[in-house]
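**Q**
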Amino acid sequence: GFEDLAVAGTCQTVTGLEENVVYYYRVRAVGAGGCVSSNSTLASVSTTVNPPSTPTGLTASDGSSTVHVELRWNDVLKETNYVIWRNTATNFVGATPIRTNAANVTNYNDVDATPGQQYWYFVTATNKAGTSAASASDPGYRKLAMVNNVAATDGTHTNQVVVSWTDGAGETGYAIWRGTNSTSNTA
Numbered sequence: 071g072f073e074d075l076a077v078a079g080t081c082q083t084v085t086g087l088e089e090n091v092v093y094y095y096r097v098r099a100v101g102a103g104g105c106v107s108s109n110s111t112l113a114s115v116s117t118t119v120n121p122p123s124t125p126t127g128l129t130a131s132d133g134s135s136t137v138h139v140e141l142r143w144n145d146v147l148k149e150t151n152y153v154i155w156r157n158t159a160t161n162f163v164g165a166t167p168i169r170t171n172a173a174n175v176t177n178y179n180d181v182d183a184t185p186g187q188q189y190w191y192f193v194t195a196t197n198k199a200g201t202s203a204a205s206a207s208d209p210g211y212r213k214l215a216m217v218n219n220v221a222a223t224d225g226t227h228t229n230q231v232v233v234s235w236t237d238g239a240g241e242t243g244y245a246i247w248r249g250t251n252s253t254s255n256t257a
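Count along the sequence shown from 1, then add 70; that gives the number in our numbering.
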């Protein structure tokens, strides 16, 4: 229903309204002795909504998968989308948007991350009023694939062996660990 708000003059600011709500207005003239006119034509107005708050709690996995970097964050109110950003530096300037999620979808698996490359991730929330500030960053990376086809020369030298393997993707170098016990997990 309508509320009866007494006003003076021909213009009135109405406060205390909620965000993102359609309100309807009509006006009546009031005279001395309680005389009242018919209602004016109906006017409607939609209040705007503020941009969503900054997403918090962003986590990016640190090499737990060779397939993707897993991202998760906390949901915010009033968002219509989330934009996930990635950078090879710690700051948001220069970050590239890599994905847009729907409202309330607070996770993403970055399958396009280069294995072994550390990235800094950010999330922004959007709605029709604008975009939030970027979340705090969190670094994450995709695990390098296990080295394959490792072979070593056997018994051809007394003081050396030649170790070879298939080149992997994303590495910047290799390390060879040696031991005299094949059951050791410390290599």
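Beta carbons are placed, not taken as given, at the ideal position from N, Cα and C, and that holds for glycine.
#1: Closest to Phe-192 by CA distance: which of Asn-171, Phe-162, Tyr-178 is it?
#2: Sort Val-115, Ile-168, Thr-194 by Cα distance to Asn-174 and report the nearest one.
#3: I'd like to know if the region 135-146 and the region 209-220 are in contact, where contact means that at least 3 CB-CB pairs between them fall below 8 Å.
#4: Distance check for Val-119 and Ala-172, CA to CA, integer angstroms please.
#5: Would you call the CB atoms of Trp-143 and Thr-176 closer than 8 Å?
#6: Could you tell me whether the Cβ atoms of Ser-234 and Ala-221 are closer together than 8 Å?
#7: Looking only at its own chain, which residues have a Cβ that is under 8 Å from the Cβ of Thr-166, when we skip the five neighbours before and after it?
#8: Rounded C-beta distance between Val-139 and Pro-125? I'm assuming under 8 Å.
#9: Count the other C-beta atoms from every protein chain shown that fall within 10 angstroms of the C-beta of Val-153, then say buried if there are 16 or more, exposed otherwise.
#10: Which term fits Trp-247, buried or exposed, when burial requires 16 or more other beta carbons within 10 angstroms of its beta carbon?
#11: To which residues does DSSP link Phe-124 through a beta bridge?
#12: By the three-class DSSP mapping on this structure, what secondary structure does Gly-103 have?
#13: Taking only the alpha-carbon atoms, compute the straight-line gap between Ala-206 and Gly-164 and give it to the nearest angstrom.
#14: Sorted by chain position, which residues of the same chain lie with C-beta nearer than 7 Å to Ser-107's C-beta, five sequence neighbours on each side aside?
#15: Taking the DSSP output, what are the residues bridged to Glu-140?
#16: With H, G and I counted as helix, E and B as strand and the rest as coil, what does DSSP make of Gly-210?
#17: Would you decide whether Asn-197 is buried or exposed? Buried here means 16 or more other CB atoms lie within 10 Å of its CB.
#18: Does the Cβ of Glu-88 have 16 or more other Cβ atoms within 10 Å, making it buried, or fewer, making it exposed?
**A** Quick look at the numbers:
#1: Sequence index remark: in the sequence shown, residue 192 carries index 122 (1-based). Out of Asn-171, Phe-162, Tyr-178, Phe-162 has the C-alpha closest to the C-alpha of Phe-192.
#2: Counting from one through the sequence shown, the residue named residue 174 turns up at place 104. Per the Cα distances, Thr-194.
#3: yes
#4: Residue numbering aside, residue 172 sits at position 102 when the sequence shown is read from its first letter. Residue numbering aside, residue 119 sits at position 49 when the sequence shown is read from its first letter. Answer to the nearest angstrom: the Cα atoms are 18 Å apart.
#5: Translated into positions along the sequence shown, residue 143 becomes position 73. Translated into positions along the sequence shown, residue 176 becomes position 106. Yes, they are a contact pair.
#6: Indexing the sequence shown from 1 puts residue 234 at position 164. Indexing the sequence shown from 1 puts residue 221 at position 151. Yes; because the gap between Cβ atoms is below 8 Å, this pair is in contact.
#7: Counted from its first residue, the sequence shown places residue 166 at position 96. Once the five neighbours on either side are set aside, the close Cβ partners of Thr-166 are Trp-155, Arg-156, Asn-157.
#8: On the sequence shown, position 69 is the one that residue 139 refers to. On the sequence shown, position 55 is the one that residue 125 refers to. With 8 Å as the limit, Val-139 and Pro-125 do not qualify as a contact, their Cβ atoms being about 17 Å apart.
#9: In the sequence shown, residue 153 corresponds to position 83, counting from 1. Buried, since its Cβ has 16 or more Cβ neighbours within 10 Å.
#10: One-based indexing of the sequence shown puts residue 247 at position 177. Exposed: under 16 other Cβ atoms inside 10 Å.
#11: Within the sequence shown, numbered from 1, the residue matching residue 124 stands at position 54. For the sequence presented, residue 124 should be read as Thr rather than Phe. Beta-bridge pairing links Thr-124 to no other residue.
#12: As a working mapping, residue 103 is identified with position 33 in the sequence shown. It is helical.
#13: Along the sequence shown, one-based indexing puts residue 206 at 136. Along the sequence shown, one-based indexing puts residue 164 at 94. For Ala-206 and Gly-164, the distance between alpha carbons rounds to 15 Å.
#14: By one-based count along the sequence shown, residue 107 stands at place 37. Hits under 7 Å: Arg-98, Ala-99.
#15: Here residue 140 refers to the residue found at position 70 of the sequence shown. The partner list for Glu-140 (beta bridge, DSSP) reads Asn-179.
#16: Taking the sequence shown and counting its residues from 1, one reaches residue 210 at position 140. Reduced to three states, the DSSP call for Gly-210 is strand.
#17: Stepping through the sequence shown from its first residue, residue 197 is reached at position 127. With 16 or more Cβ atoms within 10 Å of its Cβ, Asn-197 is classed as buried.
#18: Here residue 88 is taken as the residue at index 18 of the sequence shown, counted from 1. With fewer than 16 other Cβ atoms within 10 Å, it is exposed.
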